[in-house]
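Chemist: For reference, the structure I am asking about is given below.
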């Protein structure tokens with residue numbers, strides 16, 4: 034169930050990525066599901082980014098298991 | 006999309022770091038990857054903003070609940086993430102609203118670019134086709150009846166009148182004289198009302214035998230309190246009268262929870278059955294969202310009242326202002342058109 038909710042937001046973030054590419058020609062948008070090659074390099078991906086967009090939807094802040 | 010700042014956007018983005026915008030979604034913060042992304046964002050002092058999915062039918066949740074969830078996991082990070090200085094944009098799926106959300110993201114992204122980051126506010130961007138950059142006029146000036154039995158409708162009417170009153174939208178708070186008086190003792194039994202024929206064909210027939218009203222529309226403002234209690238019964242009676250008079254009913258669905266907004270499904274529980282079966286909700290209600298998207302809602306509502314796009318654009322107005330008087334006279338009819346400008350607080354568009 035959580036995964037389905039997740040997929041909904043995933044779909045919308047893909048819309049945002051595509052639309053921003055059209056609205057701001059030349060922009061490079063890093064979307065983890067598309068562009069993440071090595072999970073150990075997450076910090077480097079963030080460091081190489083100019084800003085972060087966080088899509089807040091159900092389940093995003095939910096569990097305390099990994100905190 | 007262009008900015009009013011000089012310089013090539015393309016060259017700026019190419020000179021930017023490896024990625025200009027990092028969209029974090031696939032790894033939510035309950036998983037270690039999501040938390041690592043967030044920690045890295047704070048550690049490297051990267052600017053961040055939140056896109057909020059508000060539609061609860063599509064995985065959305067109130068922001069307050071999301072904030073509380075995260076607070077229970079990481080109170081310090083939650084306080085930082087949801088501080089007042091964090092830009093939060095509501096995501097929409099309907100085109101005009103979605104374009105506004107995208108434009109707001111784009112403005113924030115551009116603001117982080119070299120050459121723009123020194124600006125106190127994000128640069129204002131112009132998006133072609135944006136409904137807010139259009140000017141409207143009414144071919145037929147509408148007079149809208151707003152019922153005192155419709156809680157919140159007066160305030161809503163003030164909102165729309167504040168924006169479109171100058172181009173001819175009139176609000177009438179006086180019940181059309183053709184409406185039969187509401188008298189509970191003379192009311193038909195509910196079964197009779199339920200079987201009454203309020204179909205448009207029958208309404209047209211009935212209209213022939215009635216005097217025409219001066220109102221062109223009736224506003225039906227749908228919120229938590231609509232069709233509740235005695236006022237609700239009176240409102241239902243007025244809607245039946247409006248149907249009888251073939252007065253066009255324009256519905257507005259309040260979506261702002263701070264203004265008694267509620268899910269549309271609630272109205273199928275509170276609205277009298279005869280109105281539902283008579284096709285009241287056959288028409289699409291205008292959604293009235295929170296600011297800043299509310300301005301789009303008001304523009305869409307104006308279109309429902311018959312507003313059409315004025316051909317007189319900003320550039321056209323300037324041309325008209327500075328053109329020779331002879332040319333102005335030849336287009337005298339256009340001088341009747343009054344332009345509507347975006348209200349204060351909204352981005353001032355630049356071309």
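Residue numbers (the working numbering), protein chains in the order written: chain A, 34 to 100; chain B, 6 to 356.
Glycine is no exception: its CB is placed at the ideal position from the N, C-alpha and C atoms.
What you are looking at is a predicted structure, and each value in this text was computed from that prediction instead of being measured.
(1) Around the C-beta of residue 110 (chain B), are 16 or more other C-beta atoms found within 10 angstroms, so that it is buried, or is it exposed?
(2) Which term fits residue 145 (chain B), buried or exposed, when burial requires 16 or more other beta carbons within 10 angstroms of its beta carbon?
(3) Does residue 76 (chain A) have its Cβ less than 7 Å from a Cβ in chain B?
(4) Below 8 Å on the Cβ atoms is my guess for residue 143 (chain B) versus residue 173 (chain B); work out the distance and round it to an integer in Å.
(5) Starting from the beta carbon of residue 65 (chain B), find every residue of chain A whose beta carbon is closer than 8 Å, and list them in chain order.
(6) So, helix, strand or coil for residue 259 (chain B), using DSSP?
(7) Taking 7 Å as the threshold (C-beta atoms), are residue 165 (chain B) and residue 303 (chain B) in contact?
(8) Which term fits residue 245 (chain B), buried or exposed, when burial requires 16 or more other beta carbons within 10 angstroms of its beta carbon?
(9) For residue 52 (chain B), return the contacting residues in chain A, with the cut-off set at a CB-CB distance below 9 Å.
(10) Spatial neighbours of residue 95 (chain B) within its chain, please: C-beta separation below 6 Å, excluding the five flanking residues on both sides.
(11) Does the distance from the C-beta atom of residue 229 (chain B) to that of residue 265 (chain B) stay below 7 Å?
(12) When the Cα of residue 119 (chain B) is compared with those of A:62, A:88, A:91, A:84, which residue comes out closest?
(13) Given that residue 68 (chain B) touches chain A, what residues does it touch there, using C-beta distances under 8 Å?
(14) Can at least three beta-carbon pairs, one atom from the stretch 276-285 of chain B and one from the stretch 233-245 of chain B, be found at a separation below 8 Å?
(15) Which residues does DSSP list as the beta-bridge partners of residue 56 (chain B)?
(16) Grab me the residues of residue 185 (chain B)'s own chain with a C-beta within less than 7 Å of its C-beta, minus the 5 sequence neighbours each way, in chain order.
(17) Of all the CB atoms in chain A, is at least one closer than 7 Å to the CB of residue 292 (chain B)?
(18) On the three-state DSSP scale, how would you describe residue 49 (chain A)?
(19) Report the residue from B:152, B:108, B:261 whose alpha carbon sits nearest the alpha carbon of residue 178 (chain B).
(20) What's the C-alpha gap between residue 50 (chain A) and residue 62 (chain B)?
(21) Under 9 Å, CB to CB, which of the residues in the stretch 137-170 of chain B have a partner in chain A?
(22) Would you give the residue range spanned by the alpha helix (DSSP H) that residue 309 (chain B) belongs to?
(23) Determine the burial state of residue 249 (chain B): buried for a count of at least 16 other Cβ atoms within 10 Å of its Cβ, exposed for fewer.
(24) On the criterion of 16 or more Cβ atoms from any shown chain inside 10 Å, does residue 73 (chain A) qualify as buried, or is it exposed?
(25) Do residue 255 (chain B) and residue 298 (chain B) have their C-beta atoms within less than 7 Å of each other?
(26) Assuming residue 155 (chain B) and residue 226 (chain B) are in contact, meaning their beta carbons sit under 8 Å apart, how far apart are those beta carbons, in whole angstroms?
(27) Sort B:79, B:85, B:49 by Cα distance to residue 55 (chain B) and report the nearest one.
(28) Span of the beta strand (DSSP E) holding residue 61 (chain A)?
(29) Which term fits residue 107 (chain B), buried or exposed, when burial requires 16 or more other beta carbons within 10 angstroms of its beta carbon?
(30) Over what stretch of residues does the beta strand (DSSP E) that includes residue 172 (chain B) continue unbroken?
(31) Using a Cβ-Cβ distance under 7 Å, would residue 111 (chain B) count as near chain A?
(32) Going along chain A, which residues have a C-beta under 8 Å from residue 41 (chain B)?
(33) Could you round the C-beta distance between residue 48 (chain A) and residue 88 (chain A) to whole angstroms and report it? I think they count as a contact, below 8 Å.
(34) The beta strand (DSSP E) spanning residue 291 (chain B) covers which residue range?
Modeler: So, from the data block:
(1) buried
(2) exposed
(3) yes
(4) Correct: roughly 5 Å between the Cβ atoms.
(5) Correct list: 90, 91.
(6) strand
(7) yes
(8) buried
(9) 83, 84, 85
(10) 57, 59
(11) yes
(12) A:84
(13) 89
(14) yes
(15) A:88, B:94
(16) 246
(17) no
(18) Helix, per DSSP.
(19) It is B:152.
(20) Distance between the alpha carbons of residue 50 (chain A) and residue 62 (chain B): 22 Å.
(21) none
(22) 299-309
(23) buried
(24) Result: exposed.
(25) Against a cut-off of 7 Å, the Cβ pair of residue 298 (chain B) and residue 255 (chain B) comes out as no contact.
(26) 5 Å
(27) B:85
(28) Run containing residue 61 (chain A): none; DSSP gives neither H nor E here.
(29) buried
(30) That residue, residue 172 (chain B), is in no beta strand (DSSP E); it is neither H nor E in DSSP.
(31) yes
(32) Against chain A, a Cβ distance below 8 Å from residue 41 (chain B) picks out 75, 76.
(33) Incorrect: roughly 11 Å between the Cβ atoms, too far for contact.
(34) 291-293
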